[in-house]
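J.: Residue 1 is where the sequence shown starts when you use full-length UniProt numbering, and the numbers rise one by one after that. First the structure, which I've put down as C-alpha cells, then a few questions once you've had a look.
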Amino acid sequence: MAIQCIVVDDEPLAVQVIEAFISKMPELQLQRSFSNPLEALAYLKQEPSVKLVFLDIQMPELTGVEFMQLLQNQVDVVIISAYDEYALDGFQYEATDYLLKPVSFERFVKAVQKVVNKQQKDNISLVQNEFIFIRTDKRIVRVNLSEILFIEALRNYVAIQTANQKILTLQNLRGIEEILPPQKFIRVHKSFITAIDKIDSVERQRIFIGAHTIPIGDTYVKQFFEAIKLG
C-alpha cells in the first residue's frame, strides 16, 4: 500500500517540483499540498492516514522546526530547504532526511527509500506481535489481534469489538491505530478502524461485519478501496 503524504511549502514552484516527483513514485500517494503550515497541522489531526510530510524549513507563519515540535514525531518528515545550516535542527527532531533545493529526482528517490525502509521495519516489529495490551478501567487486558472485528471511537472512550465482547478503554483511537499492523487493520472513518479480514461485504460506503454496519468516511473511501485492491 502506498505511503500517504502531503507537501508543506510556501513556494509554488517548489511544490510543483515535489508533486511531480511524487507522481513518479508508486510508493507514494499525495493527499494534499499546503502553503500554510498551520492548515497542514490541522489537516494532519484529521487525517491519521498521512504517514509522510515533505516540509519546507523556512515559512512565514511557522518554521519547519516549530512544525516538527508540534507534530511530536507522529509521522515521518523529509525536510526540503535552500539552506543547509538547518540540517542539525531537523535531525534533532528526528527528520528522516534533509534535501537541499534545488532537489534532484535522484536525491528525492534516495530520501523516499529511507522512509520506505524505516516504515517497513516499524511494520515488521508490529506484525510480529499477535496481540496488544489495552488499559481498561481497572486493569490491563490482552487482546488478540485475530479476534478484533473493529474499533470505534465513542464520546468519552474507545470500544474494541470482538466476536464475543466489547472492551472499553480511555486510550484514543489514534494511539491504538499506531500499534496495529497496517496490513491487517485500516482506518475507514474518523471514528472507526476495521480488521480487513473480518469484512463480510461492502455496499457503497458501508462495511458489513456480521451484524455490524460501519460507515466509510468520504475522506477514507479512496484509500479503503485501494487497500482491498478495488480502487
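Every residue gets a Cβ at the ideal spot worked out from N, C-alpha and C, and that includes glycine. Everything numeric in this text was worked out from a predicted model, so none of it was measured.
1. Out of E27, P26 and S33, state which residue places its alpha-carbon closest to the alpha-carbon of V17.
2. Judging by CA-CA distance, which residue of K51, G175 and I209 is the nearest neighbour of A153?
3. In terms of alpha-carbon separation, which member of I209, T194 and A195 lies closest to S201?
4. Could you check whether the segment 215 to 225 touches the segment 184 to 200, counting it as contact only if at least three pairs of C-beta atoms, one from each stretch, sit closer than 8 Å?
5. Which same chain residues, not among the five before or five after V221, have their C-beta less than 7 Å away from its C-beta?
6. Checking 7 Å against the spacing of the C-beta atoms, do Q29 and Q46 come in under that value?
7. Grouping DSSP H, G and I as helix and E and B as strand, with all else coil, what is N144?
8. Label T194 either buried or exposed according to how many other C-beta atoms from any shown protein chain fall within 10 Å of its C-beta, with 16 as the threshold for buried.
9. In the DSSP assignment, the beta strand (DSSP E) including P215 goes from what residue to what residue?
10. Between V75 and V53, is the Cβ-Cβ spacing less than 7 Å?
11. Helix, strand or coil for I196, going by three-state DSSP, please let me know.
12. Following the continuous beta strand (DSSP E) through S201, name the residue where it begins and the one where it ends.
13. Under 8 Å, with one C-beta from each stretch per pair, do the segment 130 to 140 and the segment 153 to 173 reach the 3-pair mark?
14. Only counting the same chain, and skipping five residues up and downstream in sequence, which positions put a Cβ closer than 8 Å to that of D97?
15. Taking the alpha helix (DSSP H) that L41 belongs to, which residues open and close that run?
16. Tell me the rounded alpha-carbon separation between K118 and K51.
T.: The relevant details are as follows:
1. Nearest option by C-alpha distance: S33.
2. G175
3. Considering only alpha carbons, the answer is I209.
4. yes
5. Excluding sequence neighbours, V221 sits near Q205.
6. no
7. It is a strand residue.
8. It counts as buried.
9. H212 to P215
10. yes
11. helix
12. S201 to E203
13. yes
14. V78, I79, K110, A111, K114 and V115
15. Residues P37 to Q46.
16. 11 Å
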